[in-house]
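Peer 1: Residue numbers (full-length UniProt numbering): 1 to 99. Each residue gets a CB set at the ideal place from its N, CA and C atoms; glycine is no exception. Got a structure for you, written out below as structure tokens; questions coming shortly.
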């Protein structure tokens with residue numbers, strides 16, 4: 001992420017303000033704070049431990065202490081599949097083929 005894309009009052013912007021390139025004449029207009037939450041995915045009955053996006057960003061997976069893995073449509077937020085793992089997972093990822 002580029003510093004110029006961080007909100008004016010963000011911790012990142014304040015910590016690294018001196019690192020901002022002076023040679024960039026026109027900077028994007030960014031608000032004071034990070035934007036509001038755009039979407040909340042609901043479905044797990046316990047805390048989510050890990051999330052991962054597919055390489056094309058079309059799907060999202062979440063692994064929870066409720067012993068399930070959920071596969072979501074990243075655009076609509078619809079749960080496409082729930083996998084009962086039988087135990088909590090602490091990490092999840094897509095492989096390079098997104099399978």
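Leaving out five residues on either side along the sequence, give the residues of the same chain with a beta carbon under 6 Å from the beta carbon of residue 41.
Peer 2: Only 72 and 77 meet the Cβ criterion.
Peer 1: Just to confirm the assignment, what range does the alpha helix (DSSP H) spanning residue 12 have?
Peer 2: Run containing residue 12: 11-15, per the alpha helix (DSSP H) assignment.
Peer 1: Measure from the alpha carbon of residue 52 to the alpha carbon of each residue in 9, 89 and 6, then state which is nearest.
Peer 2: Comparing Cα-Cα distances from residue 52 to each of 9, 89 and 6, the minimum goes to 89.
Peer 1: Straight-line CA distance for residue 9 to residue 25?
Peer 2: Those two C-alpha atoms are separated by around 20 Å.
Peer 1: Please name the residue in 62, 14 and 35 whose C-alpha comes closest to that of residue 83.
Peer 2: Nearest of 62, 14 and 35 to residue 83, Cα basis: 62.
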